[in-house]
Amino acid sequence: MSAPYAGPPQGPPISHLPPPGSSKRRRILATVITMVLIAIAILLLLRACADDQPQSVSIVAAGDMGCDPKDPGTGTALECQAKAVSDIAVGLKPYAFIGLGDYQYEIPTTEGYETVYDPSWGRLRDITFPAIGNQEYKVHEANTFHTYFGERSGPDQGYWSVELGQWHVVFLNSNCTVVTGGCGAGSPQHKWLQENLAANDSKCTMAVWHHPRWSNGIAGSDARMGAFYETLLVNDVDILLSAHEADYERFGPLDGSGKQLPVGVSQFVVGTGGQVTYDPEVGDAAWRAKAKPVPSEFFDADHHGVLQLTLDPTSYSWQFFAVGAGVVDSGSADCH
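Sequential numbering of the sequence shown, starting at 123, is according to our numbering.
The following block contains the structure:
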């Protein structure tokens with residue numbers, strides 16, 4: 123019998139590449155390596171384009187800034203310290219300036235912006251992200267505010283968002299009698315806020331509006347902002363910046379009724395950008411009779427000053443720089 127057929131004779135593995143050491147093989151390998159390197163470079167470029175914000179940024183924030191040109195303009199030793207406070211802010215070389223509203227008193231005229239605001243805080247105009255305050259509406263449709271800041275003033279309704287470093291920042295309009303639909307639950311602005319925060323995937327988030335939800339200042343806490351504040355709580359927002367009051371005040375996390383929480387929104391009230399500071403507990407008997415104190419962690423009505431925030435990818439730190447006194451409040455916290 124004949125042996126079973128074992129197939130064709132087996133030889134060395136068949137290669138479609140030229141023999142090792144040949145110039146053609148070297149050219150092919152060089153081409154492959156080049157293509158791989160190009161692909162890696164493209165991937166790195168795409169990643170950089172998708173995340174072109176710096177990892178950590180330093181910002182400054184203040185509101186209630188420029189005094190009336192006649193009262194007394196850029197400042198005296200005790201009053202109207204817009205120039206002195208802005209000198210501190212400019213010296214800190216911030217990545218951005220978050221304006222907390224009320225840029226020019228008493229009527230925000232073009233003259234006021236040119237003679238008081240521009241020589242002081244206007245030095246930061248190109249990096250300013252301005253929330254809108256109530257003073258801005260003392261002229262028709264806040265037109266001098268929008269004219270002075272241009273595209274940086276945001277949409278006409280005054281609510282929008284931006285990325286600063288790795289942080290998501292929402293700007294809202296707390297002038298509830300002016301903004302379309304007001305500030306209540308279900309208003310157009312409230313719905314926008316809910317949708318904006320629901321789509322946000324940043325670890326750290328900040329909200330900015332002019333009238334503080336919580337305050338022990340002369341105007342007191344603003345209940346109109348309750349629906350917005352509750353939305354911040356639900357969406358794990360870390361910081362709320364406000365002004366309007368003639369003082370600096372820092373609140374730890376509070377729930378919607380003003381009771382302390384272990385984790386939540388920390389609110390900074392920074393109405394110390396130049397206008398006269400005022401402590402109602404000292405000078406207002408009616409306020410003392412009516413006020414219901416809200417638990418806060420720091421209060422200063424003696425100094426003009428600016429808040430510096432260092433925004434890291436998962437945490438933040440703060441320092442309040444007071445004119446003539448240096449840092450009077452500081453600390454740090456993790457995002458949640």
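C-beta: ideal position from N, C-alpha, C; glycine also.
Asked	Found
Cβ pair VAL291, VAL330 closer than 8 Å	yes
Span separating the alpha-carbon of ALA184 from that of LEU159	48 Å
Beta-ladder partner(s) of ALA455, from DSSP	TYR438
Of the listed residues GLY234, GLY221, PHE390 and PHE421, nearest to ILE249 (C-alpha basis)	GLY221
Nearest candidate by alpha-carbon position, reference TYR235, set HIS268, LEU319 and LEU355	HIS268
Under the three-state DSSP convention, the category TYR227 falls into	coil
Other residues of its chain near PRO176: CB distance less than 6 Å, five sequence neighbours each side excluded	GLY287
Short Cβ contact (8 Å threshold) for GLY223 with HIS425	no
ASN338 versus THR399: straight-line alpha-carbon distance, rounded	13 Å
Segment limits, beta strand (DSSP E) that includes LYS370	Checking the sequence, you will find Tyr at residue 370 rather than Lys. Segment 370-373, the beta strand (DSSP E) holding TYR370.
Rounded separation between GLY103 and ASP344 - CA only	Missing from the structure shown is residue 103; the chain here goes from 123 to 458 and no further.
Neighbourhood of ALA172 by C-beta, 6 Å cutoff - its chain only, sequence neighbours within 5 removed	Unreliable placement is indicated for ALA172, whose pLDDT of 44 sits below 50; no coordinate value is reported for it.
Cα-Cα separation between ASN390 and GLU233, rounded to whole angstroms	First, the amino acid is wrong: residue 390 is Phe here, not Asn. Their Cα atoms are separated by approximately 31 Å.
Closest by C-alpha distance to HIS333, when choosing among GLN311, ILE254 and GLN226	ILE254
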